[in-house]
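**Q** Using my numbering, the first residue of the sequence shown is number 1, and each one after it goes up by one.
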Amino acid sequence: MSRVGRAPLVLPPGVTLHVADARVRAEGPKGKLERSLDGDVTVTVEGNAVRVTRRDDSRRAVRDKLLLLTLGYSHPIAYQLPPEVTAKVDKQVVVTLASADNELLGHVAAAIRELRPPEPYKGKGVKYAEEKIRRKAGKAAAAAGGAR
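(1) Ignore the nearest five residues each way along the sequence and tell me which others in Gly-125's own chain have a CB closer than 7 Å to its CB.
(2) Please tell me whether Val-19 and Val-43 are closer than 8 Å, where the distance is taken between their beta carbons.
(3) At the level of alpha carbons, what is the spacing between Leu-37 and Ala-26?
(4) Look at the Cβ atom of Glu-84, then the Cβ atom of Asp-101, and state whether they are nearer than 8 Å.
(5) In angstroms with no decimal places, state the Cα-to-Cα distance between Asn-48 and Val-24.
(6) At which residue ranges does the stretch 74 to 105 contain complete beta strand (DSSP E) runs of 3 or more residues, listed in the order of the chain?
(7) What is the DSSP secondary structure of Gly-31, reduced to helix, strand or coil?
(8) Short of 8 Å in beta carbon distance, which residues of its chain neighbour Leu-9, apart from the five on each side in sequence? Order them along the chain.
(9) Should Ala-87 be labelled buried (16 or more other beta-carbon atoms within 10 Å of its own) or exposed?
(10) Closest to Gly-39 by CA distance: which of Val-45, Ala-22, Pro-76 and Gly-31 is it?
(11) Would you kindly work out how many angstroms separate the C-alpha atoms of Val-45 and Leu-17, rounded to a whole number?
(12) With a CB to CB cut of under 8 Å and the five nearest residues on each side skipped, what residues in its chain are close to Tyr-121?
(13) Mind checking who Ala-61 pairs with in its DSSP beta bridge?
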C-alpha cells in the first residue's frame, strides 16, 4: 500500500460516518452515501479522521504449504509446496526455502523461479539470492549510441 493510502482521511465539518458490519454510511449537508466493504478492508473512525486498512499487505505469504506470490501479473499465483519443503517469508521480497532433500529443494526453487524468470532489460522477476542479472541496454540506449 502506498504512503498516501496509509494517511488518515479527515472528515469535513458536518459529516458523520457510521461503520456497521461490512457497510459504511456517510451523512452530511450534501446528502447520504452508503457503501459495502470488501472482506479484506477495515474502516476505523478516530474522532474526525477515518483510517482504511487492508488485512494483508504482503506480497508473499505461506499458508498450509501453499506459497502465495504476487509477481506482477493480473492475479496472485499460488504454488503448492511439497511436504518435505518448508518456506519462510523473511521480508516482502525474500522467500527462504528449506529441506533435507537438496535435489528436491533445487527443483522447487527452479519451479518458483520459472513462474517469472528475471529479464535482462528491467531486471524484474524471481531470482536466487546470489544471482546477478546481466542487464542489457534497451532500444533507446542502442539508438543513442549512434550504431548505423
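Using N, Cα and C, we set each Cβ at its ideal position, and we do this for glycine too.
No experiment lies behind these values; they were computed from the predicted model shown.
**A** The answer reads as follows:
(1) Arg-116, Pro-117, Pro-118 and Glu-119
(2) yes
(3) 13 Å
(4) yes
(5) 15 Å
(6) 77 to 80, 86 to 89 and 95 to 98
(7) strand
(8) Within its own chain, the residues whose Cβ lies closer than 8 Å to the Cβ of Leu-9, once the five positions on either side in sequence are excluded, are Ala-49, Val-50, Arg-51 and Val-52, listed in chain order.
(9) buried
(10) Ala-22
(11) Answer to the nearest angstrom: the Cα atoms are 8 Å apart.
(12) Within the same chain, and ignoring the five residues on either side of Tyr-121 in sequence, the residues whose Cβ sits closer than 8 Å to its Cβ are Arg-135, Lys-136 and Gly-138.
(13) Its beta-bridge partners are Leu-68.
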